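K.L.:
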Amino acid sequence: MTFPSTVPLAETDRAETTRRRLTVKQAEVVQRLVDAAADEARQNGYEGMTVRSAARRAGVAPATAYTYFASKDHLLAEVLWRRFHALPPVVSPVDASALERLTRALGDLGLFMADDPQLAAACTTALLGSGPDVRALRVRFGAELNARIASALGEDADPTIVLGLDLAYSGAMLWAGMGHLPYASVPDALADVARALLEGTP
3 MTFPSTVPLA
13 ETDRAETTRR
23 RLTVKQAEVV
33 QRLVDAAADE
43 ARQNGYEGMT
53 VRSAARRAGV
63 APATAYTYFA
73 SKDHLLAEVL
83 WRRFHALPPV
93 VSPVDASALE
103 RLTRALGDLG
113 LFMADDPQLA
123 AACTTALLGS
133 GPDVRALRVR
143 FGAELNARIA
153 SALGEDADPT
163 IVLGLDLAYS
173 GAMLWAGMGH
183 LPYASVPDAL
193 ADVARALLEG
203 TP
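Residues in the sequence shown are numbered from 3 upward in steps of one, following this note's numbering.
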């Protein structure tokens with residue numbers, strides 16, 4: 003799974019148009035659908051969850067659900083994005099080294115779904131979907147991931163190192179989603195990669 007950090011603006015705008023125009027009531031419906039989808043995925047996994055089952059759990063008509071989410075991949079990708087976007091900013095001591103700042107940031111990024119592995123696996127599968135709404139969410143994911151890593155490294159961050167850590171994070175989360183790596187082990191694995199990339203960096 004890769005998270006491109008740039009994409010033609012028109013594509014992200016197209017996916018976001020409806021969201022910007024939501025009324026308070028519509029936003030509440032969307033949140034109910036997102037919460038219901040998370041519960042459905044925890045109970046039934048990716049294969050067993052559908053937009054219809056999430057709509058039923060949320061008390062929403064399926065036709066209404068489909069006006070907000072084009073597919074279950076879109077709905078589950080939104081679940082993951084909301085959790086990721088809600089992560090608090092990383093605060094490090096002013097005298098922390100680049101490696102210390104990065105290790106703290108990667109720790110938060112690696113553990114944000116560790117307590118919900120069944121849901122994480124379903125959302126990871128969904129984020130690999132090919133629909134335009136899912137692609138747009140991947141781009142937003144990538145942009146925020148890139149920004150968090152670059153911020154931890156500081157103003158003079160080497161773009162190659164940022165890219166390497168982007169790829170390492172994407173690979174680690176994909177492995178975890180496939181069951182090849184416990185989510186709880188992701189931070190340590192990423193710290194090892196960061197240490198190797200930053201060897202000799204003050």
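Yeah, the Cβ is synthetic: ideal placement off N, Cα and C, and Gly gets one too. Since we're looking at a predicted model, the values are computed, not measured.
A152 and V141: beta carbons closer than 8 Å?
P.N.:
Cβ distance not < 8 Å, so A152 and V141 don't count as in contact.
K.L.:
Suppose contacts are defined by Cβ-Cβ distances below 8 Å. Is A65 in contact with L35 by that definition?
P.N.:
For A65 and L35, no; Cβs fall outside 8 Å.
K.L.:
Give the secondary structure of E30 by DSSP, where H, G and I count as helix, E and B as strand, and everything else as coil.
P.N.:
Correct three-state label for E30: helix.
K.L.:
Should the segment 127 to 143 be called in touch with the segment 63 to 83, which here means at least 3 C-beta pairs below 8 Å?
P.N.:
Short answer: they touch.
K.L.:
Residue range of the alpha helix (DSSP H) that A193 falls in?
P.N.:
Looking at the DSSP string, the run of the alpha helix (DSSP H) that includes A193 is 188 to 199.
K.L.:
So, with DSSP's three-state summary, where would you put V62?
P.N.:
Correct three-state label for V62: coil.
K.L.:
Measure the alpha-carbon distance for M51 versus L77 and round it to whole angstroms.
P.N.:
Those two C-alpha atoms are separated by around 10 Å.
K.L.:
Considering only C-alpha positions, which residue in the set T126, A159, L167 is nearest to W177?
P.N.:
Ranking T126, A159, L167 by Cα distance to W177 puts T126 first.
K.L.:
For E42, which residues from the same chain have a beta carbon less than 7 Å from its beta carbon, with the 5 sequence-adjacent residues on both sides left out?
P.N.:
Excluding sequence neighbours, E42 sits near M51, S55, A56, R59.
K.L.:
Nearest-angstrom Cα distance between V195 and A128?
P.N.:
V195 and A128: Cα-Cα distance of roughly 26 Å.
K.L.:
For A191, tell me which candidate among E201, G112, G131, P95 has the shortest Cα-Cα distance.
P.N.:
Selected option, being the one with the closest Cα: G112.
K.L.:
Please classify M115: is it buried, with 16 or more other beta-carbons within 10 angstroms of its beta-carbon, or exposed?
P.N.:
M115 comes out buried.
K.L.:
Which residue from D168, D158, A186, A124 puts its Cα closest to that of N46?
P.N.:
With distances taken between Cα atoms, N46 lies closest to A124.
K.L.:
Under three-state DSSP, which class holds R23?
P.N.:
Reduced to three states, the DSSP call for R23 is coil.
K.L.:
Starting from D75, trace the alpha helix (DSSP H) in both directions and tell me its first and last residue.
P.N.:
From DSSP, the alpha helix (DSSP H) with D75 extends over 74 to 87.
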